[in-house]
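Taking this note's numbering, the leading residue of the sequence shown gets 12, the next gets one more, and so forth.
We treat Cβ as the ideally placed atom computed from N, Cα and C, and that holds for glycine.
Please read these numbers as outputs of a predicted model, since none were measured by experiment.
Presented below is the structure to which this report refers.
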Amino acid sequence: MGRRSRSLARWGISLVCLWAWLGSFLRIPMVGGGPASAQEAASSTATVRRDEYGRPSIEAGNEYDLFEAYGYAVAQDRLWQLEVFRRAARGRLAEVLGNIVTSVEVKGPIALVELDIEQRQHGYTEPEYQAMYEAMPDFARRAIAAYRDGINRYLAEARADPLKKLPWEFHVLGYFPEPWTITDSIAICRLAARIFGERGGRELRNLVLYQQLVKRHGEELGGEIFDDLRWRNDPEAPVTVPLEDEQARALASHAAARDRSRRRGPLFALYRWLPDFRALLSAYERWQRQRRALFQLLGLPVTFGSFGFVIDGTRSQSGHPLLLGGPQMGFLYPDIVHEVHLKAPGWHVTGMAFAGGPAILVGHNERIAWTTTSGPGDNTDLYVERLNPANHDEYLFQGAYRRMEVREEVIAIRTSPLGFPLRTTKAKTILVKRTVHGPVLFVDEANHVAVTLKRAHWMREAETWVGFLEINRARNMEDFARAVRRIPTSHHFLYADVDGNIAYWLAGWVPIRPAGYDPRLPLPGTGEAEWETNVRPLPHVRNPRQGWLANWNNKPTVDFDNPDDVLFGKQHRVLRIMSILAEPTRLFGQRREGETGPRLGIEDLLSLEEDIARFDDAGPKAAFLRDYLLRALEVADPSDLRLHLAAQLLQNWDGALYADAIASPYVEPANALFDAILRRLIWNVFADELGDDLLSEVNINTLLHALERAHSGVSSAHDYFNGADWRQVVATSVREAVKELMVAYGPMWTMPWIPRPEIRFRHLFGFRVGPSVLVANRATYTQIVELTDPPRGWNRLPSGQSAFLRPRRFFRWLPILEPTLYNQRALFREFGVKPMPF
12 MGRRSRSLAR
22 WGISLVCLWA
32 WLGSFLRIPM
42 VGGGPASAQE
52 AASSTATVRR
62 DEYGRPSIEA
72 GNEYDLFEAY
82 GYAVAQDRLW
92 QLEVFRRAAR
102 GRLAEVLGNI
112 VTSVEVKGPI
122 ALVELDIEQR
132 QHGYTEPEYQ
142 AMYEAMPDFA
152 RRAIAAYRDG
162 INRYLAEARA
172 DPLKKLPWEF
182 HVLGYFPEPW
192 TITDSIAICR
202 LAARIFGERG
212 GRELRNLVLY
222 QQLVKRHGEE
232 LGGEIFDDLR
242 WRNDPEAPVT
252 VPLEDEQARA
262 LASHAAARDR
272 SRRRGPLFAL
282 YRWLPDFRAL
292 LSAYERWQRQ
302 RRALFQLLGL
312 PVTFGSFGFV
322 IDGTRSQSGH
332 PLLLGGPQMG
342 FLYPDIVHEV
352 HLKAPGWHVT
362 GMAFAGGPAI
372 LVGHNERIAW
382 TTTSGPGDNT
392 DLYVERLNPA
402 NHDEYLFQGA
412 YRRMEVREEV
422 IAIRTSPLGF
432 PLRTTKAKTI
442 LVKRTVHGPV
452 LFVDEANHVA
462 VTLKRAHWMR
472 EAETWVGFLE
482 INRARNMEDF
492 ARAVRRIPTS
502 HHFLYADVDG
512 NIAYWLAGWV
522 PIRPAGYDPR
532 LPLPGTGEAE
542 WETNVRPLPH
552 VRNPRQGWLA
562 NWNNKPTVDF
572 DNPDDVLFGK
582 QHRVLRIMSI
592 LAEPTRLFGQ
602 RREGETGPRL
612 GIEDLLSLEE
622 DIARFDDAGP
632 KAAFLRDYLL
642 RALEVADPSD
652 LRLHLAAQLL
662 QNWDGALYAD
672 AIASPYVEPA
682 NALFDAILRR
692 LIWNVFADEL
702 GDDLLSEVNI
712 NTLLHALERA
722 HSGVSSAHDY
732 FNGADWRQVV
742 ATSVREAVKE
752 LMVAYGPMWT
762 MPWIPRPEIR
772 FRHLFGFRVG
782 PSVLVANRAT
792 YTQIVELTDP
802 PRGWNRLPSG
812 QSAFLRPRRF
822 FRWLPILEPT
832 LYNQRALFRE
842 FGVKPMPF
């Protein structure tokens, strides 16, 4: 955050506190809400027991009482989070928070109403949400309805005793939350399913990139460079489904040949009629940056993360499968997930969940355990609609102009100061437009075109929650597979059961695009480029011979093409996990070497989790590119001491960002050197073809392809070294990188000098809750399960179960920050775990 942004944030919080302090003396009444429809007393058959961490174990005699008590428990712990999630999903945040907020990611103030507009454009109407609920199976509808009743029971109690039961945030904002509705939960499901399971949407940027390359280099060379930058498939990229037989190796060869064959034939002739979209792209990317910043501010995840790995009984010390899951969802306050243990006839499950919905998303039951990561299924496409020049509410489809669906949405914006009763004005009226493909994102008035977004999961996001509820009750692999097939959004699943099985599935509906169109670019919306009715078969594997499976958002199979917004290559963060599981002695030494090889235990898998936290999102950087750097330095000028020091630093480095995930106070000097070399090398190799404005399209795998040429899984069509000796280019880049570091840091450039940042666990209102922890590439929630009968599990959260900030009786502007709010922080800092309730 810049100095001006920090100053704005401090003044903002000071004003919050001042107004709320004055409000506490004036005995300002709460406004809004209305009567909550709920039972007056607790469910008669439900008992809720909380352990020393405050985690609820709920046991009930029937399904309704179970989920009603669960809703009540979530409201006890996370009522403010429920409200934030509901308003974020509904596009109603500015109504209670006002319009202007500051962010650590976007310089200066940004308009909160922009996130509300985005959610109104991409969300559904109330009748549509209701229709999604009614399409759910009976058991899922019953669970959501009971969950709603439990939340409303707590709201009724909070209205009767707001000082004890209403979180501090509502006192500061001066309003009482409205009753919870079923469609609030469906709206949150829609938002969460898209955040974690929606891919694609980069076609506009790809189109502008292609247009710029053709403009600079002509159609043939421009098209070749575009292919090199946005390759479709690298068969050397690590995959979760192992290459264990000749058929799999044949698939790898086929994928490489298929990627090369795309260059033959006419290049993108169908896209020549499209206008220059740079202005639209600029607006689109500004919206994406604001959306990312606002989601981060609200504690919603913005990154494509999460890892998991599983070993079978032949690889474990106990002879039972072990499964570790690590969803990566950010580190604001409160934790984005909570823990719960549920038991009733037909239900017995424990794990993590989101506030707003009753499904456990990562956990175990009596028979199975599972974890999930975000998947790579390209389930969205941008369409370019041709508008009627005489009426931009009409678009050309299948030979005739059709009228868009148009509805008016009014966004209320808070006008009263914080700390006083909520008052709003209907200050923003927008028109939400849709075509047959989906919501209209942008309109180019001058060129009479609009950009729309089509989703494979449109109006089906609630099915994702149904799938997870079915997983909660699954008894075996077949039950689990049926549940996964129901889920429309893209997620990797790792599985183990008490019968000794391990397995992997990629869930989600990936549409089959029409032949003759490039899936990296927008599709024409005039009707000839519609998706086929079928979807791609789901990749999966059961009980692989190698005895383990791993995923860190890598691609599932060798023939699985890149989505338009992700480039999979041989350099990937999952490599570290895979290399240790394949050869445990790399990390654990020879201490358990036996006739069947090293066997791993619970502590070993937790040590592996701690080890991978040392690496950044590129993974072990020493894996491939470092070898090229060292080979070039071997033949460089031996009298150049700087090159000798650089080679020494790189030679003794394992590719990690930090030496120790828990304690290292500095970034590894070799990592800083490597990153500086990579920047200079990318400039020296690609700048003459791309210019400064397009260099951001190059990554470490692009560079590896250029270095390896014919030996690469993606053979570059163009010689980016322009005939020069690559070793000379590398040596020059190393010299320039060392000079850059010496200018910045002097003779200490080979020593640790970059301080390691901290995770500060900020509340939406700007203050920290609890002590900071050093940044690492780690999970928000970690779970490890041993598949004994019944299973045993251990887990951790960054902060804790309860996020209830109590107001003070006479100074309601000042919350009580009790240690229970972060009673897992010490455990989190040390990568410790605690037993899961079951």
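Can you say whether residue i is buried or exposed, counting buried as having 16 or more other CB atoms within 10 angstroms of its CB?
i      : result
Pro848 : buried
Gln409 : exposed
Arg205 : buried
His583 : buried
Ala31  : Low confidence applies here, because Ala31 scores a pLDDT of 43, under 50, leaving its location unreliable; read the following figure in that light. Looking at its Cβ environment, which holds 16 or more other Cβ atoms inside 10 Å, Ala31 is buried.
Asp323 : buried
Arg66  : buried
Ser196 : buried
Gly102 : buried
Phe685 : buried
Val421 : exposed
Gly811 : buried
Arg89  : buried
His182 : buried
Ala593 : exposed
Ala837 : exposed
Ala674 : exposed
Looking at residue j and residue i, is the spacing between their C-beta atoms short of 8 Å?
i      : j      : result
Asn788 : Phe626 : yes
Tyr186 : Val124 : no
Ile162 : Val85  : yes
Leu656 : Arg637 : no
Ala540 : Leu532 : no
Pro253 : Pro555 : yes
Ile827 : Arg820 : no
Pro387 : Lys566 : yes
Ala380 : Pro846 : no
His729 : Leu232 : yes
Ala658 : Ile711 : no
Measure the C-alpha to C-alpha separation of residue i and residue j and round it to an integer number of angstroms.
i      : j      : result
Pro56  : Gly357 : Reading off the sequence shown, one finds Thr at residue 56, where the question assumed Pro. Each residue's Cα considered, the two are about 15 Å apart.
Arg773 : Tyr344 : 5 Å
Phe579 : Tyr165 : 47 Å
Tyr756 : Ala643 : 25 Å
Met147 : Ala473 : 8 Å
Gly536 : Glu396 : 5 Å
Phe815 : Asn458 : 52 Å
Ala248 : Arg720 : 16 Å
Ala667 : Lys632 : 7 Å
Gly516 : Glu255 : Note on identity: in this sequence residue 516 is Trp, with Gly being the wrong assignment. Between Trp516 and Glu255, the C-alpha separation is close to 17 Å.
Ser723 : Glu829 : 56 Å
Thr544 : Thr383 : 27 Å
His468 : Pro138 : 18 Å
Leu291 : Glu214 : 12 Å
Gly34  : Phe431 : Low confidence applies here, because Gly34 scores a pLDDT of 42, under 50, leaving its location unreliable; read the following figure in that light. In a straight line, the C-alpha of Gly34 is about 6 Å away from that of Phe431.
Trp179 : Gly82  : 20 Å
Near residue i, what residues of its chain come up, given a Cβ to Cβ distance below 6 Å and the 5 sequence neighbours on each side ignored?
i      : result
Ala100 : Ala198, Ile199 and Leu202
Glu70  : Thr58 and Lys354
Asn399 : Glu405 and Tyr412
Gly478 : Ala494, Arg497 and Ile498
Gly330 : Gly324
Under the DSSP definition of a beta bridge, which residues are partnered with residue i?
i      : result
Trp381 : Gly374 and Tyr506
His551 : Trp516
Ala364 : His349
Asp392 : Lys465
Trp559 : Ile322
Pro359 : What sits at residue 359 in the sequence shown is His, not Pro. According to DSSP, His359 bridges with Lys354.
Taking 7 Å as the limit between beta carbons, can you name the residues of its chain near residue i, skipping five residues before and five after?
i      : result
Ala294 : Phe453
Phe435 : According to the sequence shown, residue 435 is Thr rather than Phe. The answer, listed in chain order, is Glu106, Ala423, Ile424, Arg425 and Thr426.
Here's a check: name, in chain order, each residue in its chain whose Cβ is nearer than 8 Å to the Cβ of residue i, leaving out the five neighbours to either side.
i      : result
Asn733 : Asp699
Leu706 : Ile693, Trp694, Phe697 and Ala698
Ala681 : Leu660, Leu661, Asn663 and Trp664
Val373 : Gly336, Pro338, Gly362, Met363, Trp381, Thr382, Thr383, Tyr792 and Gln794
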